[in-house]
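Using our numbering, the letters of the sequence shown map in sequence onto residues 60 to 142.
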Amino acid sequence: MNIAKFAALILFLYLFSAIISYMIRITGIFAWINIFFLSLVIFAILFIIFIFILAIVYAIIKKPEIEEGNYSIDKIRGKEEMK
């Protein structure tokens, strides 16, 4: 995912949270909270859920790269290079 798609997704999440907060404000639930702060709270919740889902999907899709070879501790330290 490149940076433009990520920024567009962030903007969409914030606009979605602003719409939800406006609907909550109209209904009278939490009428004492400003729409801006309510939208920030909803955005934070949606963003955290998005990050968790993205991490889970990435962990499922990404296959580990396994390198085969002889990896002894002496070879890693450089002691077996002369042999």
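Glycine included, each C-beta is placed from N, C-alpha and C at the ideal position.
Residue interval of the alpha helix (DSSP H) (run including residue i)
i: ILE79; result: 62–86
i: ILE110; result: 94–120
C-beta contact flag for residue i and residue j at 8 Å
i: LEU97; j: ILE78; result: no
i: LEU72; j: PHE109; result: yes
i: SER80; j: ILE101; result: yes
Distance between residue j and residue i (C-alpha atoms, nearest Å)
i: LEU105; j: SER76; result: 8 Å
i: PHE65; j: GLY87; result: 33 Å
i: ILE85; j: TYR117; result: 38 Å
i: ALA103; j: LEU68; result: 13 Å
Residue environment, residue i, which counts as buried when at least 16 other CB atoms sit within 10 Å
i: ILE125; result: exposed
i: ILE112; result: exposed
Residue from the options whose Cα sits closest to the Cα of residue i
i: LEU74; options: LEU99, LYS122 and ILE119; result: LEU99
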